[in-house]
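Protein chains in written order, with my numbering: chain A, 62 to 777; chain B, 7 to 143.
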């Protein structure tokens with residue numbers, strides 16, 4: 062503040078004067094009360110003088126606040142009015158007193174002192190305002206200090222004027238003592254004390270003026286800023302609710318009023334809890350806001366409730382501040398319903414991004430990777446931080462032509478998207494086929510900001526497609542081959558070509574017949590495998606005694622074995638090998654194993670069939686003494702059209718599907734199929750099925766449930 | 007444009023029945039001399055002595071298939087320039103193009119007509135047989 066010492070001095074002087082004023086006022090006014098009563102104007106003046114000091118008292122009140130300073134300001138204005146009235150009153154006084162006491166010599170000095178003080182006080186105020194303006198404008202400090210210096214000088218001159226005023230007062234006293242002795246005591250006292258009162262008031266006023274105006278300047282600035290603050294408070298997007306330390310609402314700003322659908326007045330005096338949904342009411346405690354910012358999770362645990370009963374997600378913050386000698390809590394309230402909804406949507410999107418099986422990569426418009434998801438890592442082998450910032454061309458396999466990429470980007474530039482198959486390379490160097498969908502992401506103005514690539518690995522799909530194609534190609538080949546023989550031999554026979562010898566003719570007939578049979582077997586087997594693999598093959602599950610089935614199978618294949626000069630021996634032993642199965646399908650498996658064994662047995666060989674327990678299963682083993690299965694072929698034994706020695710397969714009449722079919726059937730029945738081969742010594746093919754369990758006979762809802770296979774057994 | 011007649015055909019086929027039919031067809035009807043082999047190994051044994059004018063190869067054969075058999079035969083001077091023809095039941099889309107890339111002049115699809123097989127072979131010979139084929143005596 063300006064000239065603080067001067068300020069204090071002024072205060073001290075004013076204080077002294079006021080003390081004197083009170084002494085005089087009480088002493089003198091008391092003594093002249095009765096005589097003086099007739100002068101209403103004087104009484105009015107007296108009131109004004111008292112009024113003059115109220116603001117001064119307020120000024121000195123500790124913790125005085127902005128609003129009270131406004132009142133001070135208003136009374137400073139009154140001081141001006143008072144001074145005017147004083148002059149008028151003095152004029153009237155002059156008329157009363159002129160004849161008795163000649164006070165004219167003092168008038169000029171008194172007026173000059175009063176006017177000078179007033180003028181100086183105004184100057185001090187101006188300088189204070191000027192200094193404040195300079196400070197606010199961030200002006201040169203030398204300008205500010207110049208204003209301060211002048212204010213100090215002015216204050217000193219005010220002191221001088223004040224001293225002059227005191228001297229005049231002293232002179233009046235002396236004059237009154239010496240020259241007014243003959244006057245009526247009461248009148249003299251009245252007039253004298255009135256004069257003194259007026260002078261003291263004048264001087265004090267002038268001094269107080271300086272103090273008051275200075276505060277008034279601040280008050281004005283504060284009023285402006287207060288208005289501005291009000292405007293801000295009412296127009297901010299956040300709701301502001303002030304409550305006392307007990308949580309009792311004092312005010313709502315306009316946003317908060319709108320948010321809750323209630324006026325500030327209608328909720329003032331109620332607890333803040335009344336604005337909360339019952340679920341979160343108990344969570345509210347004004348004491349929580351005593352210390353610093355709240356943790357984020359605390360902010361958002363409240364649900365607000367509007368007047369119409371609707372709810373909204375709320376974010377609540379609070380600051381405890383000291384105002385008017387007490388503490389209040391200023392709450393900032395935000396309706397975060399939309400934000401929460403958006404957050405949820407974002408969260409969902411993020412969850413999808415993280416958990417989808419499609420690889421997702423996002424690049425900026427320059428093609429630098431910005432984000433990839435875990436599926437991308439699973440597919441490519443590249444972790445996100447290994448590829449962020451890089452161009453996706455690091456995934457290129459080199460197996461696509463440059464033209465391919467040029468066309469891809471031409472399409473994206475034209476249509477904003479591209480999709481198709483592309484061969485890329487994983488981090489481990491493995492090339493793989495993926496389906497890729499690239500979309501350009503555009504902003505509002507149509508400018509590309511990002512590219513999003515969604516991809517999934519179709520290498521397995523491609524492999525299975527390839528396998529299917531290969532299967533079809535093989536089937537086609539396998540069917541065409543006997544057909545070629547049939548068609549060829551019949552054509553030659555039909556032509557009656559003289560060149561065909563009788564021996565050749567007989568051979569051609571044999572070829573046509575043999576290949577016809579082979580064709581039929583092939584078609585049957587192909588249908589079987591297709592059915593069993595597509596799970597369309599029907600199984601009629603019954604309790605089957607494998608021991609009996611083995612004997613039957615051996616008998617029915619006996620003739621076939623004899624053609625090869627081979628004997629089938631069934632090992633005696635278990636008679637009660639009960640499993641759950643389909644008799645016909647199991648017979649098909651047994652026939653396949655037996656005929657394979659027979660075909661590969663040496664002449665006069667023996668095929669041995671045995672049934673035995675094995676870890677809760679019944680195992681049937683078919684053993685032959687043929688050449689066995691070369692090690693290199695072990696992995697392909699059960700594959701379709703796989704034959705270790707295809708050269709002689711026609712001779713042996715196999716289709717290459719028998720073991721595939723057998724495996725599919727045993728798999729469906731919950732069993733296992735396998736082989737052991739000791740090349741040149743013996744080869745054993747076996748299958749095993751779970752032993753029949755008593756509870757498998759239980760019927761559930763008309764259907765037997767077979768726990769071991771999951772197959773449903775139709776009711777008998 | 008043909009100076010030489012087609013005479014000697016080296017035929018490799020793993021299916022004995024088809025081998026028999028082709029042999030009857032080419033020998034009886036076309037009057038060619040045919041060396042019929044059941045495998046690549048067999049063909050490699052006979053090729054030098056036989057001196058083929060033309061190679062007729064099955065494609066799908068165990069162990070060594072037709073294309074590989076052709077490559078192996080090409081390494082022999084006696085079969086290096088002989089026009090080669092595939093005779094095959096494996097004729098899916100794309101196969102034909104692939105076969106031509108392997109250096110055969112034509113492909114005969116199974117089943118074929120044994121009565122016109124020789125005509126077909128002769129026709130192929132007329133078109134490709136003389137090119138770059140030095141007189142083998």
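C-beta atoms are modelled at their ideal positions from N, C-alpha and C, and glycine is treated no differently.
Since the model is a prediction, treat every value here as computed from it, not as a measurement.
Given 8 angstroms, three or more beta-carbon pairs between the segment 547–555 of chain A and the segment 506–514 of chain A: no
Close-in-space but distant-in-sequence residues of the same chain around residue 368 (chain A) (CB under 6 angstroms, 5 per side omitted): By one-based count along the first chain, residue 368 (chain A) stands at place 307. If we look at residue 368 (chain A) and ignore the five residues flanking it on each side, its Cβ neighbours are 322 and 323.
Using a Cβ-Cβ cut-off of 8 angstroms, state whether residue 86 (chain B) counts as contacting chain A. Within the second chain, residue 86 (chain B) is the residue found at index 80, counting from 1. Cβ-Cβ to chain A under 8 angstroms: no for residue 86 (chain B).
Hey, could you find the ends of the alpha helix (DSSP H) residue 110 (chain B) is sitting in? As a working mapping, residue 110 (chain B) is identified with position 104 in the second chain. Residue 110 (chain B) -> no alpha helix (DSSP H), and no H or E assigned at all.
Ignoring anything shorter than 3 residues, give me the beta strand (DSSP E) runs that lie fully in the segment 647–695 of chain A, in order along the chain. 667–675 and 678–685
With a 10 Å radius around its C-beta and 16 neighbouring C-beta atoms as the bar for buried, classify residue 58 (chain A) as buried or exposed. Only positions 62 to 777 of chain A appear in this structure, which leaves residue 58 (chain A) out of reach.
Is it the case that the segment 122–129 of chain B contacts the segment 95–111 of chain B, given that we only count it when at least three CB pairs across the two stretches are under 8 angstroms? no
Buried or exposed: residue 750 (chain A), going by 16 or more other Cβ atoms within 10 Å of its Cβ? Taking the first chain and counting its residues from 1, one reaches residue 750 (chain A) at position 689. Buried, by the Cβ-count rule.
Using the three-state DSSP reduction, which class does residue 26 (chain A) fall into: helix, strand or coil? Because chain A here runs from 62 to 777, residue 26 (chain A) falls outside it and cannot be looked at.
Using a Cβ-Cβ distance cut-off of 8 angstroms, determine whether residue 51 (chain B) contacts chain A. Taking the first residue of the second chain as position 1, residue 51 (chain B) is located at position 45. Cβ-Cβ to chain A under 8 angstroms: no for residue 51 (chain B).
Report yes or no: is there a C-beta of chain B within less than 8 angstroms of the C-beta of residue 538 (chain A)? Here residue 538 (chain A) is taken as the residue at index 477 of the first chain, counted from 1. Closer than 8 angstroms to some Cβ of chain B, the Cβ of residue 538 (chain A) qualifies, so yes.
Exposed or buried, residue 64 (chain B), counting other C-beta atoms within 10 Å across all chains shown (16 or more means buried)? Mapped onto the second chain, residue 64 (chain B) falls at position 58. The residue is buried, with at least 16 neighbouring Cβ atoms inside 10 Å.
In three-state DSSP terms, what is residue 70 (chain B)? Residue mapping note: residue 70 (chain B) aligns to position 64 of the second chain, counting from 1. Looking at residue 70 (chain B) - three-state DSSP - the assignment turns out to be coil, as it is neither helix nor strand.
Show which residues of chain A have a CB atom less than 7 angstroms away from the CB atom of residue 41 (chain B). Against the second chain, residue 41 (chain B) aligns to sequence position 35. What residue 41 (chain B) touches in chain A: nothing, since even the nearest Cβ is about 18 angstroms away.
For residue 61 (chain B), which of helix, strand or coil comes out of DSSP? Along the second chain, read from residue 1 onward, the residue named residue 61 (chain B) stands at position 55. Strand, per DSSP.
8 angstroms Cβ cutoff, residue 565 (chain A) in contact with chain B: Taking the first chain and counting its residues from 1, the one referred to as residue 565 (chain A) is at position 504. Yes, because at least one Cβ of chain B sits closer than 8 angstroms to the Cβ of residue 565 (chain A).
Which residue comes first and which comes last in the alpha helix (DSSP H) that contains residue 733 (chain A)? As a position in the first chain, residue 733 (chain A) is number 672, starting the count at 1. That residue, residue 733 (chain A), is in no alpha helix (DSSP H); its beta strand (DSSP E) goes 733–739.
Looking at chain B, is there any beta carbon in it that lies within less than 8 angstroms of the beta carbon of residue 549 (chain A)? Here residue 549 (chain A) refers to the residue found at position 488 when the first chain is read from its first residue. Closer than 8 angstroms to some Cβ of chain B, the Cβ of residue 549 (chain A) qualifies, so yes.
Alpha carbon to alpha carbon, how far is residue 536 (chain A) from residue 632 (chain A)? Give it in angstroms, no decimals. Translated into the one-based positions of the first chain, residue 632 (chain A) becomes position 571. Translated into the one-based positions of the first chain, residue 536 (chain A) becomes position 475. Straight-line Cα distance between these residues: approximately 38 angstroms.
Cut-off 7 angstroms between Cβ atoms - residues of its own chain near residue 195 (chain A), not counting five sequence neighbours on either side: In the first chain, the residue the question calls residue 195 (chain A) occupies position 134. Around residue 195 (chain A): 204, 205 and 208.
My assumption, with CB atoms under 8 angstroms, is that residue 344 (chain A) sits in contact with residue 362 (chain A). Please give the rounded CB distance. Along the first chain, one-based indexing puts residue 344 (chain A) at 283. Along the first chain, one-based indexing puts residue 362 (chain A) at 301. About 6 angstroms separates the two Cβ atoms, so the contact holds.
In the DSSP assignment, the beta strand (DSSP E) including residue 624 (chain A) goes from what residue to what residue? Taking the first residue of the first chain as position 1, residue 624 (chain A) is located at position 563. Here residue 624 (chain A) belongs to no beta strand (DSSP E); instead the alpha helix (DSSP H) covers 619–624.
If the cut is a Cβ gap below 7 angstroms, which residues of chain B does residue 576 (chain A) touch? On the first chain, position 515 is the one that residue 576 (chain A) refers to. Within 7 angstroms Cβ-Cβ: 23.
From the DSSP output, read off the bridge partner residues of residue 393 (chain A). Start at 1 with the first residue of the first chain, and residue 393 (chain A) comes out as number 332. Paired residues: A:301 and A:378.
Straight-line Cα distance separating residue 67 (chain B) from residue 12 (chain B): Looking up residue 12 (chain B) in the second chain gives position 6. Looking up residue 67 (chain B) in the second chain gives position 61. Cα-Cα distance, rounded: 26 angstroms.
6 angstroms Cβ shell around residue 381 (chain A) - same chain, five flanking residues per side excluded: Along the first chain, read from residue 1 onward, the residue named residue 381 (chain A) stands at position 320. Excluding sequence neighbours, residue 381 (chain A) sits near 350, 351, 388 and 390.
Contact between the segment 591–611 of chain A and the segment 737–744 of chain A: three or more CB pairs below 8 angstroms? no
Quick one: measure Cβ to Cβ for residue 588 (chain A) and residue 641 (chain A), integer angstroms, because I've assumed they're closer than 8 angstroms. If you number the first chain from 1, residue 588 (chain A) lands on position 527. If you number the first chain from 1, residue 641 (chain A) lands on position 580. About 25 angstroms separates the two Cβ atoms, so there is no contact after all.
Would a check of beta-carbon distances place residue 725 (chain A) closer than 8 angstroms to chain B? For the purposes of this step, residue 725 (chain A) is identified with residue 664 of the first chain, where counting begins at 1. Judged by the 8 angstroms Cβ criterion, residue 725 (chain A) is not in contact with chain B.
Find the nearest neighbour of residue 539 (chain A) within the set B:44, B:31 and B:117, judged by alpha-carbon distance. In the first chain, the residue the question calls residue 539 (chain A) occupies position 478. Among B:44, B:31 and B:117, the Cα nearest to that of residue 539 (chain A) is on B:117.
Is the segment 476–483 of chain A touching the segment 440–455 of chain A in the sense that three or more CB pairs, one from each, lie closer than 8 angstroms? no
Determine the chain B residues that contact residue 797 (chain A) at a beta-carbon separation under 8 angstroms, and present them in chain order. This structure cannot settle anything about residue 797 (chain A), because the visible part of chain A is limited to 62 through 777.
I'd like to check one pair, residue 499 (chain A) with residue 473 (chain A): are the Cβ atoms closer than 8 angstroms? Residue 473 (chain A) sits at position 412 when you count from the first residue of the first chain. Residue 499 (chain A) sits at position 438 when you count from the first residue of the first chain. In contact: residue 473 (chain A) and residue 499 (chain A) (Cβ atoms closer than 8 angstroms).
By Cβ distance below 8 angstroms, which residues in the same chain neighbour residue 504 (chain A) in space, the five residues on each side in sequence not counted? Here the question's residue 504 (chain A) lines up with position 443 in the first chain. These residues qualify, in order along the chain: 510.
Considering residue 744 (chain A), what are the terminal residues of the beta strand (DSSP E) in which it resides? Here residue 744 (chain A) refers to the residue found at position 683 of the first chain. Per DSSP, residue 744 (chain A) belongs to the beta strand (DSSP E) from 743–751.
Mark residue 428 (chain A) as exposed unless 16 or more other C-beta atoms lie within 10 angstroms of its C-beta, in which case mark it buried. As a first step, residue 428 (chain A) must be located in the first chain, where it is residue number 367. Residue 428 (chain A) should be labelled exposed.
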